[in-house]
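*Asks:* First, the structure itself, so that you have it in front of you.
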Amino acid sequence: MIHNPQAAAWLVWLESSAVAVAMRQWLWLYPAVEIVHIVGIVALVGGAVMFDLRLLGLSRGLPVAALAAHLLPWSRVGLGLVAVSGLLMFTAHATEWAENPAFRVKLLLIVAAGLNAWVFHRWPFRSVGRWDREVPAPPRARAAALVSIALWLSVIACGRLLAYL
Amino acid sequence: MIASVRFAALALTLTLALVLTAVPAPAHHGWSSYDSGNTLNLTGTIKESGYEHPHGYIRLEVPGKTWLVVLAPPSRMENRGLPRAGLTPGKTVTVVGYPNRTDPEEMRAERITVDGKTTELR
Chain A
188 MIHNPQAAAW LVWLESSAVA VAMRQWLWLY PAVEIVHIVG IVALVGGAVM FDLRLLGLSR
248 GLPVAALAAH LLPWSRVGLG LVAVSGLLMF TAHATEWAEN PAFRVKLLLI VAAGLNAWVF
308 HRWPFRSVGR WDREVPAPPR ARAAALVSIA LWLSVIACGR LLAYL
Chain B
183 MIASVRFAAL ALTLTLALVL TAVPAPAHHG WSSYDSGNTL NLTGTIKESG YEHPHGYIRL
243 EVPGKTWLVV LAPPSRMENR GLPRAGLTPG KTVTVVGYPN RTDPEEMRAE RITVDGKTTE
303 LR
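Which chain is which? The protein sequence lines are A and B, in order. Following the working numbering from start to finish, the first sequence increments by one per residue and tops out at 352. Following the working numbering from start to finish, the second sequence increments by one per residue and tops out at 304.
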């Protein structure tokens, strides 16, 4: 059943595709993809938030640069997992999700979180050598960390609310 | 700091704008969207069915009306002994469930009786 046959043509096409039909009709594909999505969230948001907490001043003995090198590659792996699994789930219900307010807000928040990370790496993180250990991170690094935590938690909230709005 | 704060303010403004302008989609997934104080007991003919995620469904024709009846995830129905073939169009089935609070055409089934066998769907 196409949720909204009057939706934009590309959404109807996506929802009618073989992948979308398989997602809806194969008994265990949808739950399997959901499990991958949750594992991806753990890696992405877990890595990002643990790093953010260090920027905010927790565990000051841990070098920021080394922690970034350890955690952030896992966040990138997580991003890959959520992107692929998320796209599959979107395909299955494209016309329905596209008009869902929680979904639209979620996409916007993801873009915002990405920009925040990009700004952080381009700017405050450059001087990490001066505040790597035992020194408070500069205010703009701490601000980026707070914004990051708030955005990622909001993304998770929107993702869960998709099914209820 | 200023750039980050400005950015956070921008993100918040855009989010609010989006929430306020988005057309509210009809809510229909959680059980709370259905009026459990109003139990429906319907027997009719399946006109169309979907053994699909996230929830299976049937279009059930009863005298004077065709309901969209939301069922359970297909994996759950399969596990509880209601296979895809149980929902073949043309069959006569009985559903017990609750009407959607906002969509008068839709109800969610608590249980369904097919070929004399009742399957709990919650």
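Even glycine gets a Cβ: it sits at the ideal position worked out from N, Cα and C.
Smallest Cα separation from L240 of chain A: which of A:S314, A:M188, A:S335, A:V229?
*Replies:* Checked all of A:S314, A:M188, A:S335, A:V229; the closest Cα to L240 of chain A is A:S335.
*Asks:* Just checking: is the beta-carbon of P256 of chain B within a distance shorter than 8 Å of some beta-carbon in chain A?
*Replies:* yes
*Asks:* Please classify T276 of chain B: does DSSP put it in a helix, a strand, or coil?
*Replies:* strand
*Asks:* Please list, in chain order, the chain B residues whose beta carbon lies closer than 8 Å to that of R211 of chain A.
*Replies:* G232, E234, H235
*Asks:* For A279 of chain A, count the other beta carbons within 10 Å of its own beta carbon; 16 or more makes it buried, fewer makes it exposed. Which is it?
*Replies:* Taking all protein chains in view, the Cβ of A279 of chain A is crowded by 16 or more other Cβ atoms within 10 Å, so the residue is classified as buried.
*Asks:* Listed in chain order, which residues of the segment 214–244 of chain A have Cβ atoms closer than 7 Å to some Cβ of chain B?
*Replies:* L214, W215, Y217, P218
*Asks:* Can you name, in chain order, every residue of its own chain whose Cβ lies under 6 Å from the Cβ of V277 of chain B, other than the five neighbours on each side?
*Replies:* So the qualifying residues of the chain are L224, V251, A291, I294.
*Asks:* With distances taken from CA atoms, which of A:W213, A:G244, A:E221, A:V199 is nearest R347 of chain A?
*Replies:* Checked all of A:W213, A:G244, A:E221, A:V199; the closest Cα to R347 of chain A is A:E221.
*Asks:* If you run the structure through DSSP and keep just helix, strand and coil, what is V217 of chain A?
*Replies:* The question names Val, but residue 217 of chain A is Tyr in the sequence shown. It is helical.
*Asks:* For E302 of chain B, count neighbouring C-beta atoms within 10 Å of its own C-beta (all shown protein chains included) and say buried if the count is 16 or more, exposed if not.
*Replies:* exposed
*Asks:* Count the other CB atoms within 10 Å of the CB of N287 of chain A; is the residue buried (16 or more) or exposed (fewer)?
*Replies:* buried
*Asks:* At a CB-CB cut-off below 8 Å, which residues of chain B make contact with A279 of chain A?
*Replies:* H235
*Asks:* Using a Cβ-Cβ distance under 8 Å, would Y239 of chain B count as near chain A?
*Replies:* True, the Cβ-Cβ gap to chain A drops below 8 Å.
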